[in-house]
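In our numbering, the protein residues as written are 268 to 760.
Only one structure is covered here, and it is reproduced in the block below.
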Amino acid sequence: MNKRIKNIWMVIGFGFLLISTACKKNMDELNINPNAPVTVNPDYLFTFSVVKGQGSYITNANLHYWLLMNWDMYFANLGGVDVGKEYDSNDGKDAFWNEEYTQALINAREVQRLTVQDPYLINKNAIARIWEAYLFSKITDLFGDIPYSQALQGAEILNFTPAYDRQQTIYKNLLKAIKSASNDLDPTKALFPGTVDPIYNGSIIKWKQFANSLRLRLALRMSAADPSSAQAEIALLQGVSFIAANSESAIFPYNGEIRNPLYDLVNSGQSGGRTYPSKFLIDLLKTTNDPRLKVFAQYTVESTIIGIPDYDGVPNLVPSGSSIWNNYNSDGSDVSKIGTWFLKQDAPGVIMSYAEVCFLKSEAALKGWYNGNAQQYYVDGITANMQSYTGAGISTSQLNTYLLLLPSVSLENIITQKWISFTYQNGFEAYNEYRRTGFPVLKEYSGNSINASAFPNRLTYTANEVLLNSVNYYNALSHQGPDNASTKVWWDQ
């Protein structure tokens, strides 16, 4: 071959090599999506987990307000309930289960995976563990036995059918996990930036206080089922730092972007007759001249028109066809609406309040398991709750007058005051505490105690669990009991 032609072909071949290499490099670069990063900042995942842990608007409306708060008698249905269906549940429980596992919990676990190898990120890892424990406690308290030790392993080891752990085991592990995470918190290490942590703005001290307070809640929750373990756990908490002021309460800050669900529910017009204050709530507050009445309810429209402003609630558990409804206006003008303090876009979402901690300490002291004066803790809880409604107009004089007439501390009085403090903000804990203690003694419209045998002891599992995790589902039923509302969870003895 002519030497010149040979050299030309060598140049062309080299050119093709360069073009081929360049094309391959360019194609590789084209396969990289700049909007889908390979790694994710754990800060973003934690914020997402906290937001989703509060539940979507639909979940809050269906489960928290229309189910639990009606069952707990904060609300009552204007127009009544169908006989035999007074406690029927809705799909809110299924949405809650799915959101907690597939959005809130899985992201809290991913934060842990991304931070576990870096000692400097121990605080982010520990706070995610505390938050995870809180989320698991919410789920198990509602359903009983749940996937726990094998849960959240779908992405890691492709386990999409986790076994159910018994609630007794879950509780013991939660207490250990919270204690371990709290002990790992280190002020010399990295913190979540303030905006990343909606609850405590990255404060290690406050997360440790929340962790200790959560342990106290869980210990008392199991006090009937396992008193020796509950007492031992509370003994370990003697002298530790708890939530000690309203400014330290675990609060989710609803705002104009992520609005208080009750604000959306009432202002959207979707609430129908299901979110009126109940007669049970209104009458209880009236009987004791409780200054919180004006915070929880508005004067009825009818009473203001006739010039004698008054409060009135919707009677509880009245059958829909009852003649009792002939005494009520269908437009709700003769019953109170929810107090405006709770209808703000930024009304706080209460995860755990200082008032609740006071009531927990009061009960523990009453049992002789915790040092301190049970009566004083009881008074402190009421005071904290009244003072938490900033700008609502409860004066120091009104508070002191109420406290002067306060009955002596007892388990019933502690839990009743705790129930009042949960009004419109924490139906989950009100439901848990009623099942645990039977207080307050809920009464229907006739003044008689409700039929306790009809009251739901738990939520039933989701349809997807029956369909997609059937082996473990049926195994759970074999030791917990039938999947119905009459089966009690372990701590409900």
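Backbone N, C-alpha and C fix where the C-beta goes; we use that ideal spot for every residue, glycine too.
If I measure Cβ to Cβ from residue i and keep anything under 8 Å in the same chain, skipping five residues before and after, which residues do I get?
{"i": "L672", "result": "T555 and N556"}
{"i": "D295", "result": "At D295, the pLDDT of 47 sits below 50, so the modelled position is not reliable and the matter cannot be decided from this model."}
{"i": "P586", "result": "G347, V348, D349 and V350"}
{"i": "C290", "result": "Its pLDDT being 42, under 50, C290 is placed unreliably by the model, and the measurement read from it follows with that caveat. Once the five neighbours on either side are set aside, C290 has no close Cβ partner at all."}
{"i": "N357", "result": "N329, L330, W333 and L334"}
{"i": "Y467", "result": "K473, W474, F477 and A517"}
{"i": "A752", "result": "Y354, S356, P723, N724, R725, L726 and T727"}
{"i": "P465", "result": "T314, V317, V318, F519 and P520"}
{"i": "S323", "result": "A362 and E366"}
I'd like the list of long-range same chain contacts for residue i, defined as Cβ closer than 6 Å, with 5 residues on each side in sequence excluded.
{"i": "P674", "result": "N680"}
{"i": "Y741", "result": "none"}
{"i": "V318", "result": "none"}
{"i": "D750", "result": "T727, Y728 and L744"}
{"i": "W364", "result": "T729"}
{"i": "R541", "result": "W333 and N344"}
{"i": "F563", "result": "G606 and T690"}
{"i": "L709", "result": "M340 and I717"}
{"i": "L766", "result": "The question about residue 766 has no answer, for the chain in this structure spans 268 to 760."}
{"i": "Q420", "result": "N426"}
{"i": "Q760", "result": "A491 and A492"}
{"i": "N652", "result": "A622 and S688"}
{"i": "I682", "result": "E700, T704 and F706"}
Based on Cα-Cα distance, which residue from the options lies nearest to residue i?
{"i": "I518", "options": "G580, W608, A395 and I618", "result": "I618"}
{"i": "Y387", "options": "K685, L458, Y578 and D493", "result": "L458"}
{"i": "S480", "options": "A631, A422 and A418", "result": "A631"}
{"i": "T382", "options": "L372, Q370, R396 and T369", "result": "R396"}
{"i": "S655", "options": "L678, T690 and K634", "result": "T690"}
{"i": "T650", "options": "G320, I525 and F626", "result": "F626"}
{"i": "P582", "options": "W757, D310, S737 and N337", "result": "N337"}
{"i": "I717", "options": "L584, S688 and R526", "result": "L584"}
{"i": "V738", "options": "S495, S496, N390 and T428", "result": "T428"}
{"i": "I394", "options": "I472, G539, P544 and N527", "result": "I472"}
{"i": "S688", "options": "V646, D453 and D361", "result": "V646"}
{"i": "L425", "options": "T306, D432 and Q417", "result": "Q417"}
{"i": "L678", "options": "I549, E700 and K456", "result": "E700"}
{"i": "K553", "options": "Y669, S516 and G539", "result": "Y669"}
{"i": "F547", "options": "E732, Y712 and G461", "result": "Y712"}
{"i": "K604", "options": "Q612, N594 and E569", "result": "E569"}
{"i": "S597", "options": "G539, F609, Q565 and Q643", "result": "G539"}
{"i": "T306", "options": "E366, G359 and V378", "result": "V378"}
{"i": "Q612", "options": "P544, Y521, V733 and I549", "result": "Y521"}
{"i": "R482", "options": "Y311, S514 and S447", "result": "S447"}
{"i": "D432", "options": "L503, D550 and D408", "result": "D408"}
{"i": "A794", "options": "K352, Q321, N308 and F342", "result": "Outside the shown range of the chain (268 to 760) lies residue 794, about which nothing can therefore be said."}
{"i": "Y401", "options": "I389, R376 and Q384", "result": "R376"}
Whose C-beta lies closer than 7 Å to the C-beta of residue i among residues of the same chain, with five residues either side of it excluded?
{"i": "L485", "result": "S404, Y438, L441 and L442"}
{"i": "T288", "result": "Any reading at T288 must be qualified, since the residue scores a pLDDT of 43, below 50, and its modelled position is unreliable; no value is offered."}
{"i": "Y637", "result": "I501, Q505, K628 and A631"}
{"i": "Q665", "result": "P558"}
{"i": "E515", "result": "K473, Q476 and Y621"}
{"i": "A497", "result": "A486, L487, M489 and S490"}
{"i": "D601", "result": "T567, E569, D579 and Y595"}
{"i": "L610", "result": "L529, Y530 and V533"}
{"i": "L312", "result": "N374, E377 and V378"}
{"i": "D453", "result": "I389 and N390"}
To which residues does DSSP link residue i through a beta bridge?
{"i": "V581", "result": "S545"}
{"i": "D349", "result": "Beta-bridge pairing links D349 to no other residue."}
{"i": "I681", "result": "The partner list for I681 (beta bridge, DSSP) is empty, contrary to what the question assumes."}
{"i": "A564", "result": "I605"}
{"i": "K710", "result": "S716"}
Is any beta-carbon of chain B found at less than 8 Å from that of residue i?
{"i": "A631", "result": "Annotation note: the requested chain B is absent from the structure, which comprises a single protein chain."}
Within the present structure, is the beta-carbon of residue i separated from the nearest heavy atom of the ligand GTP by less than 7 Å?
{"i": "S720", "result": "Because no ligand of any kind appears in the structure shown, any question about the ligand GTP cannot be addressed here."}
Query raised in the report: Where are the alpha helix (DSSP H) runs, 4 residues long or more, that stay fully inside the region 502-536, in chain order?
Result: 528-535
**Report entry** Complete beta strand (DSSP E) runs within the region 584-641 (minimum length 3 residues, chain order)
**Finding:** 616-619
Report task. Kindly confirm or deny that the region 468-477 and the region 501-519 touch, where touching means at least three C-beta pairs closer than 8 Å. Result -> yes
Query raised in the report: Between the region 614-633 and the region 580-596, are three or more C-beta pairs nearer than 8 Å?
Result: no
Query raised in the report: Should the region 739-757 be called in touch with the region 395-412, which here means at least 3 C-beta pairs below 8 Å?
Result: yes
Query raised in the report: Per the contact definition of three or more C-beta pairs closer than 8 Å, is the region 366-383 in contact with the region 563-578?
Result: no
Query raised in the report: Could you give the uninterrupted runs of the alpha helix (DSSP H) lying entirely in the region 401-437, keeping only those of 4 residues or more?
Result: 421-424
Query raised in the report: Are there three or more Cβ pairs, one per stretch, closer than 8 Å when the region 327-335 is compared with the region 690-700?
Result: yes
Query raised in the report: With contact counted as at least three CB pairs below 8 Å, one residue from each stretch, are the region 655-666 and the region 559-568 in contact?
Result: yes
Query raised in the report: Hey, which unbroken runs of the alpha helix (DSSP H) at 4 residues or more fall wholly within the region 302-377?
Result: 309-320 and 359-366
Query - Complete runs of the alpha helix (DSSP H) confined to the region 432-496 [at least 4 residues] - result: 434-451 and 471-488
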